[in-house]
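Here my numbering is used: position 172 in the sequence shown is 701, and no number is missing along the way.
For reference, the structure discussed in these notes is given below.
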Amino acid sequence: MRLNTRIIVHIMGLLLLCNGSFMLLAAFTSGIYKDGATLDITLAAIVTMLFGMMAMFYTRGHKKEVKRKEGYIIVTFGWVVMSISGMLPYLFSGSISTITDAFFETISGYTTTGASILDDIESLPEGILLWRSLTHWIGGMGIIVLAIAILPLLGIGGMQLFAAEAPGPGGDKLHPRITDTAKRLWLIYFGYTVTETLLLKLAGMTFFDAINHALATMSTGGFSTKNASLAYWNNAPVIQYITIVFMFLAGSNFVLSYFAFTGRVQRILRDEEFKYYFGFVVIFSILAALGIYLKGNVPVSDFHPMVWGEAESAFRHALFQVIAVITTTGFVTADFTSWTPFLTVFFFGLMFLGGSAGSTAGGIKVMRHLIIIKNGILEFKRTLHPNAIIPVRYNEKTVSEHIVYNVIAFFVLYMLLFIIGSLVLGFLGLDFVSAVGGAASSLGNVGPAFGDLNPVSNYNSLPPAGKWWCGFLMLLGRLELFTVLIILTPYFWKKT
């Protein structure tokens, strides 16, 4: 079976056109603020859109059919192409001077990791800051889903793209047509972003800060307009509570949000993953709050100076950081690696949890953990009753062996890549804590890590090879491992 290269190139062109359009939005913002980067961002947009139009023009007679192989190639190379073109505003404006640093910042944005190499974020032009946040927002729900939502050129073949890009092992469809599914998801995504922007503005942020943080929150990205991230607003708890709510929503399955808006609340209450996701957040936040409060490591804000204020502050920072790490958003209100040794290990463990399947969060995902744990428990019963057929059940339905094997394979591969990622960073000169933390954070799309890559630092200290390696780990994690790794196998390229 021959590879349909023309449709691949055509969609690359479509993605470049979308990318260039968002750059024009950043250029428009730059012009409003007169930050000096308007022409540079506009030029980046023109170059990007020009390449996109050329690719679409020369492949205009393509066969509109996307099979499984083309789907994997389009998603993987789509992310790479978008990241390469996304570097241009940084390079043209001089905000980032080297290709290595520009690519790291860009792929960190599109993969919603939020790791940065920038030492002084607040000195950047407003247009560049907005572009930085937009890379999060584009990558959050998925570049491919965006493309098929806006221009349904693929017909039923779009399902191959959606399957390759959709975060998590489950693929709940809201509508039989894939383009309608994508539109509904993006409408919810857009609605949440607008709502959070308005609430943050009412809570005291400037409109510019509000929209940037809303873009980063709903994508579970974590890029901030302030060097101190959300710690800049430690004297405004309401801003942090608003962010907490929307981080939680972004880390939950967007299909459940659709059910809520259509009045099917019982579907949410019966959802097993959501119940555990909510329970994990509550239990882990209480544990973290107790650890902070009892050890006296409370980041007391100016707004709450009394004893009750210390308790509230401990709870708020614990809740904020637990949700920020579980949902892989990566916003920071305090350096959680400096609280206690127990909490340092505690937050390291949370990096492997992840949010819900069907969310914008990274990580392994709660659903996979549940299936692995359930299967492990059932192995005891199977040992006692070797002839009995005891299936894994999830949401009161039997989970096929194929899905169970896929989940186990994903978990084993994830941990193996984490070990390899840590070894490579160690080989490149990072100390043990930094190497292990950097690999876990990059693969899980979390952002802040440990050691030299702690929450109040950045990734600028990485050697150039380390930045490219972490970028590769980010891409692997964002596209759920298999999508990227499968195209690296010789079997994938064999003619069938």
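Beta carbons: idealized from backbone N, C-alpha and C, even for Gly.
*Mind checking which residues open and close the beta strand (DSSP E) that includes THR927?*
It spans 926 to 928 - the beta strand (DSSP E) in which THR927 sits, taken as one unbroken run.
Classify LYS894: buried if its beta carbon has 16 or more other beta carbons within 10 angstroms, exposed otherwise.
Counting the other Cβ atoms within 10 Å of the Cβ of LYS894 gives 16 or more, which makes it buried.
- Query: At which residues does the alpha helix (DSSP H) containing ARG661 begin and terminate?
  - Reply: Boundaries of the alpha helix (DSSP H) harbouring ARG661: 655 to 670, taken from the DSSP string.
#### Entry: N- and C-terminal bounds of the beta strand (DSSP E) containing VAL921
921 to 923 is the extent of the beta strand (DSSP E) around VAL921.
>> With the cut-off set at 7 Å, would you say PRO618 and TRP666 are in Cβ contact?
In response: The Cβ-Cβ distance between PRO618 and TRP666 does not fall below 7 Å.
Pull up the distance between the alpha-carbon of LEU1008 and that of GLY590, whole angstroms please. Here the alpha carbons of GLY590 and LEU1008 stand approximately 29 Å from one another.
Spatial neighbours of PRO870 within its chain, please: C-beta separation below 6 Å, excluding the five flanking residues on both sides.
Residues of the same chain with their beta carbon placed closer than 6 Å to that of PRO870 are lacking, with the five preceding and five following residues left out of the count.
Inset, instruction - Give every residue of the same chain whose Cβ lies closer than 6 Å to the Cβ of PRO920, excluding the five residues on either side of it in the sequence, and list them in chain order. - result: Taken in chain order, the residues that qualify are THR927.
Give me the residue from LEU714, ILE768 and SER990 with the minimum Cα distance to THR735.
For the residues LEU714, ILE768 and SER990, the minimum Cα distance to THR735 belongs to ILE768.
(Q) Classify THR534: buried if its beta carbon has 16 or more other beta carbons within 10 angstroms, exposed otherwise. (A) Counting other Cβ atoms within 10 Å of its Cβ, THR534 stays below 16 and is therefore classed as exposed.
### Message
One question on the structure: do ILE797 and PHE790 come within less than 7 Å of each other, judged by their Cβ atoms?
### Response
Contact: no.
Measuring only the C-alpha atoms, how far is THR873 from PHE865? Rounded to whole angstroms, THR873 to PHE865 spans 7 Å at the Cα level.
Check your understanding: If you follow the alpha helix (DSSP H) that LYS1024 is part of, which residue opens it and which one closes it?
Key -> Under the DSSP assignment, LYS1024 falls outside any alpha helix (DSSP H); it carries neither an H nor an E label.
Checklist entry - Beta carbon of GLY542, beta carbon of GLY581: below 7 Å? => result Taking C-beta atoms as the reference points, GLY542 and GLY581 count as a pair closer than 7 Å.
Exercise. TYR639 to GLU908, Cα distance in whole Å?
Worked result: TYR639 and GLU908: Cα-Cα distance of roughly 40 Å.
query: Are there 16 or more other CB atoms within 10 angstroms of the CB of GLU925, so buried, or fewer, so exposed?
result: Its Cβ having fewer than 16 others within 10 Å, GLU925 is exposed.
Considering Cα atoms alone, identify which of PHE775, ASP738, GLY980 and PHE752 is closest to GLY720. The residue with the shortest Cα to Cα distance from GLY720 is PHE775.
Handout entry: Closest by C-alpha distance to HIS952, when choosing among ARG911, VAL965 and ASN782
Key = Looking at the sequence itself, residue 952 is Leu, so the reference to His does not match. Minimum Cα distance to LEU952 is reached at VAL965.
**Study point:** Secondary structure of THR724, DSSP reduced to three states
**Key:** In the three-state scheme derived from DSSP, where H, G and I count as helix and E and B as strand, THR724 is classed as helix.
Measuring CB atoms only, is the segment 981 to 990 touching the segment 954 to 969, in the sense that at least three cross pairs come out at less than 8 Å? With the cut-off at 8 Å, the segment 981 to 990 and the segment 954 to 969 touch.
Cβ shell of ALA551 (< 8 Å), same chain only, five flanking positions each side left out
Note on identity: in this sequence residue 551 is Phe, with Ala being the wrong assignment. The residues are TRP660, LEU663 and ILE667.
ask   = To the nearest angstrom, how far is it from the Cα of GLY487 to the Cα of TYR587?
value = Look at the range of the chain in this structure, 530 to 1025, and you will see that residue 487 is not part of it.
Note to self: Could you check whether the segment 931 to 949 touches the segment 607 to 621, counting it as contact only if at least three pairs of C-beta atoms, one from each stretch, sit closer than 8 Å?
What the structure shows: No: the two stretches stay apart, fewer than three of their Cβ pairs being nearer than 8 Å.
Reference PHE1011; option with closest CA among LEU716, LEU879, ARG597 and GLY565:
It is ARG597.
- Inside the segment 555 to 633 only - alpha helix (DSSP H) runs reaching at least 4 residues: Secondary structure remark: continuous alpha helix (DSSP H) runs of at least 4 residues inside the segment 555 to 633, in chain order: 567 to 587, 597 to 615 and 617 to 622.
**Request:** Would you be able to state if there are at least three C-beta pairs under 8 Å between the segment 995 to 1003 and the segment 623 to 637?
**Result:** These segments touch.
Quick check: the segment 554 to 567 against the segment 647 to 656, are at least 3 beta-carbon pairs closer than 8 Å?
Taking 8 Å as the limit for Cβ pairs, the verdict is that the segment 554 to 567 does touch the segment 647 to 656.
Out of LEU545, VAL604, MET583 and ALA584, which one is the CA nearest neighbour of TYR616?
A small fix is needed here, since residue 616 is Met in this sequence, not Tyr. Ranking the options by Cα distance to MET616, first place goes to LEU545.
C-beta contact flag for SER814 and SER885 at 7 Å:
No, the Cβ-Cβ distance between SER814 and SER885 is not below 7 Å.
Query raised in the report: Quick one: Cα of ASN987 to Cα of TYR934, how far?
Result: Whole-angstrom Cα-Cα distance: 37 Å.
Report task. Report the residue ranges of all alpha helix (DSSP H) runs contained in full by the segment 919 to 992; include only those spanning at least 4 residues, in chain order. Result -> Restricting attention to alpha helix (DSSP H) runs no shorter than 4 residues, the segment 919 to 992 encloses them at 930 to 956 and 961 to 972, ordered along the chain.
- Segment limits, alpha helix (DSSP H) that includes ILE906: For ILE906, the enclosing alpha helix (DSSP H) covers residues 895 to 913.
Q. Thinking C-beta only, is GLY892 closer than 7 Å to THR858?
A. For THR858 and GLY892, no; Cβs fall outside 7 Å.
Would ILE1016 and THR577 qualify as a contact pair, given that the criterion is a beta-carbon distance under 7 Å?
For ILE1016 and THR577, no; Cβs fall outside 7 Å.
query = Start and end of the alpha helix (DSSP H) containing ASN741?
reply = ASN741: member of the alpha helix (DSSP H) spanning 736 to 747, first to last residue.
Determine the direct distance from the alpha carbon of ALA863 to that of THR641, and round the result to whole angstroms. Using only the alpha carbons, I get a separation of about 20 Å.
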